[in-house]
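Protein chains in written order, with this note's numbering: chain Y, 1 to 203; chain P, 1 to 381.
All residues carry an ideal CB built from backbone N, CA and C; glycine is no exception.
The structure presented is a predicted model; accordingly, all values stated were derived computationally and were not measured.
Below is one structure, written out as structure tokens; comments come after it.
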């Protein structure tokens, strides 16, 4: 068996057994397959890419081919325990709306995204004056699907503005390893950020 | 005559079964007894767990795959998908297809002799619905020793039967594959059907449906109905691509003969339909489409109508299908996931319009094949 990616393991640790999960931009379905196998989770993946949809069907993951930018209106309120958005936030047209939608259809949300505040990105932009290209952000500026890049701090500010309470967060490097230094300086050293959150309770 | 390709089920012979028990219909009518014509491909395994039912659409039949004779010009209507090594692999599955009641390819229908009168049923043949078909297919399954289908599959009106199966017999359907279908017709869909029916009903050769007694048939009406149907089965894009404004004879003649290629195509389709299809069947089939509405008994709430379903479902739609657009398939998908059922949905890029469900589009073939692989893995457990 291939080793499980650390971000999958972290998400798996955050998800309670037998949860109902909606995975937005589920790719080839490997996260849902992992959560089904390790946590008995069930649910659906949403995916727009033809090849990924075929791959999900091949591996027996429930997938619905759709465009996330069209919203989640076909899902009723509180249909899922967790709504996951893994490495997709930066590629959607309206990240703020999607976060709101996630917490409408799900009790808790989990988001992972490439941290634009990573030192290498800062170096490339700040010193070399070039748009960053890295393992976590492999595209050139003109062909990137990543149109809404942000840093950890940016994301946390958006959550505060939206009345979203962050329950847990983690950072890992592009090989999905978790190192001590990363935990000390997450916004500079973390390449991938992971957040678990819910709608903040009114005081 | 070309030799029969090796990936075909080859020569097939339809079978026929008589059902002496009366069938009570949704319309309130009763068929005292009836016959169903069907074909099977592959072998039913010892546990009878590998049976797949393929349901046909408006003008389809039990002849899904293979050839009826060495000289047969065309194979069955889903030859691309059914055969050894194909997406519905007859080396693994026992594929069953029957001609629906009311149709005109051998099962009891309006052209059959009514035992009560000794004449063709004609307009006395009762209105049949998707539910009635499912009921008659369930009796066929009983007779074939099939308790539970590994999958019930269909496109268009056939997809509606697959959905109805999953609702009416949750314990007897492991998987439903619903292709290019809708949970009910729109006003526009019904309107097209009504124009087709009016073409037939107002043809002087219709004789209130008793044209058999007059040794004729409403050819003009049936031709127009078929031409109209074909327009709605294709997309604007594919018509442009296939015909454009190409002229048949290279120039305009300022008369009412065929000028444009598209006219020639429609006339050809109409001509090849007449003589092979029964006008009363056309009326019945379009009504079965119009009346299909599983949510009719649940105040329009499709999710409530689908609450008995247990099957895992694959729903497929085609981008250019405007007769049953992808959004209509999504309604089925939503109702299934509202019930927390296993469902997958893929939208296949195709220019062919509604007709795409009959075509060997590579991604369509691949998805059906991978899904059927999963179905087949489920047989082992």
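Listed by chain order, chain P residues near residue i by CB distance under 7 Å
| i | result |
| --- | --- |
| residue 18 (chain Y) | Near residue 18 (chain Y) there are no residues of chain P at all, since even the closest Cβ is about 12 Å away, more than 7 Å. |
| residue 44 (chain Y) | 337 |
| residue 60 (chain Y) | 374 |
Counterpart residues of residue i in DSSP-defined beta bridges
| i | result |
| --- | --- |
| residue 97 (chain P) | P:39 |
| residue 207 (chain P) | Answer is none; residue 207 (chain P) lacks a bridge partner. |
| residue 43 (chain Y) | Y:21 |
| residue 313 (chain P) | P:176 and P:343 |
| residue 105 (chain P) | DSSP lists no partner for residue 105 (chain P). |
| residue 89 (chain P) | P:83 |
| residue 168 (chain Y) | Y:196 |
| residue 424 (chain P) | No information on residue 424 (chain P) is available, as it lies outside the stretch 1 to 381 that chain P covers here. |
| residue 18 (chain P) | P:35 |
| residue 15 (chain Y) | Looking at the DSSP assignment, residue 15 (chain Y) forms no beta bridge with any residue, so it has no partner. |
| residue 348 (chain P) | P:318 |
Exposure label - residue i; buried when at least 16 CB within 10 Å
| i | result |
| --- | --- |
| residue 91 (chain Y) | buried |
| residue 276 (chain P) | exposed |
| residue 381 (chain P) | Since pLDDT at residue 381 (chain P) reaches only 49, below the 50 mark, its modelled position is unreliable, and no value is offered. |
| residue 75 (chain P) | buried |
| residue 157 (chain Y) | exposed |
| residue 297 (chain P) | exposed |
| residue 32 (chain P) | exposed |
| residue 15 (chain Y) | buried |
| residue 323 (chain P) | buried |
| residue 253 (chain P) | exposed |
| residue 142 (chain Y) | exposed |
| residue 209 (chain Y) | There is simply no residue 209 (chain Y) to check, as chain Y begins at 1 and stops at 203 in what is shown. |
8 Å Cβ cut-off: residues of chain P touching residue i
| i | result |
| --- | --- |
| residue 106 (chain Y) | Correct list: empty, because the minimum Cβ distance to chain P is about 14 Å. |
| residue 57 (chain Y) | 314, 344, 346, 367, 370, 371 and 374 |
Spatial distance of residue i from residue j (CA atoms)
| i | j | result |
| --- | --- | --- |
| residue 168 (chain P) | residue 140 (chain Y) | 54 Å |
| residue 247 (chain P) | residue 122 (chain P) | 41 Å |
| residue 1 (chain Y) | residue 135 (chain P) | For residue 1 (chain Y), the pLDDT reaches just 41, beneath the cut-off of 50, and the residue's location in the model is therefore unreliable, although a value from the coordinates is still provided. Taking the straight line from one Cα to the other gives about 47 Å. |
| residue 219 (chain P) | residue 57 (chain P) | 21 Å |
| residue 34 (chain P) | residue 346 (chain P) | 38 Å |
| residue 325 (chain P) | residue 319 (chain P) | 7 Å |
| residue 86 (chain P) | residue 365 (chain P) | 8 Å |
| residue 177 (chain P) | residue 161 (chain Y) | 45 Å |
| residue 315 (chain P) | residue 179 (chain P) | 6 Å |
| residue 95 (chain P) | residue 27 (chain P) | 30 Å |
| residue 127 (chain P) | residue 350 (chain P) | 34 Å |
| residue 18 (chain Y) | residue 12 (chain P) | 48 Å |
| residue 107 (chain P) | residue 373 (chain P) | 32 Å |
| residue 339 (chain P) | residue 120 (chain P) | 45 Å |
| residue 188 (chain P) | residue 263 (chain P) | 23 Å |
| residue 37 (chain Y) | residue 352 (chain P) | 40 Å |
| residue 139 (chain P) | residue 133 (chain P) | 10 Å |
Closer than 7 Å at the beta carbon, the chain Y residues around residue i
| i | result |
| --- | --- |
| residue 333 (chain P) | 64 |
Check: residue i C-beta below 8 Å from any heavy atom of the ligand MG
| i | result |
| --- | --- |
| residue 44 (chain P) | The ligand content of the structure shown is nil, which means the ligand MG is not present either. |
Beta-carbon neighbours of residue i, restricted to chain Y and to distances below 8 Å
| i | result |
| --- | --- |
| residue 363 (chain P) | 50 and 54 |
Contacts of residue i in chain Y (Cβ-Cβ under 9 Å)
| i | result |
| --- | --- |
| residue 226 (chain P) | Within 9 Å Cβ-Cβ: nothing; residue 226 (chain P) doesn't reach chain Y, min ~33 Å. |
| residue 330 (chain P) | 64, 66 and 74 |
Cutoff 9 Å: residue i Cβ touching any chain B Cβ
| i | result |
| --- | --- |
| residue 30 (chain Y) | Within the model displayed, chain B is absent; protein chains Y and P are what it includes. |
Worksheet item: Hey, which unbroken runs of the beta strand (DSSP E) at 3 residues or more fall wholly within the segment 62-121 of chain Y?
Response: Counting only runs of 3+ residues, the beta strand (DSSP E) found wholly inside the segment 62-121 of chain Y occupies 63-65, 80-86 and 106-114, in chain order.
Item to complete: With a floor of 3 residues, list each beta strand (DSSP E) that falls wholly inside the segment 189-262 of chain P, ordered by position along the chain.
Response: Uninterrupted beta strand (DSSP E) stretches at least 3 residues long and entirely within the segment 189-262 of chain P do not occur.
Practice prompt. May I have a chain-ordered list of the alpha helix (DSSP H) segments no shorter than 4 residues that lie completely inside the segment 117-168 of chain P?
Written response: The alpha helix (DSSP H) runs of length 4 or more contained entirely in the segment 117-168 of chain P are, from start to end of the chain, 130-144 and 157-168.
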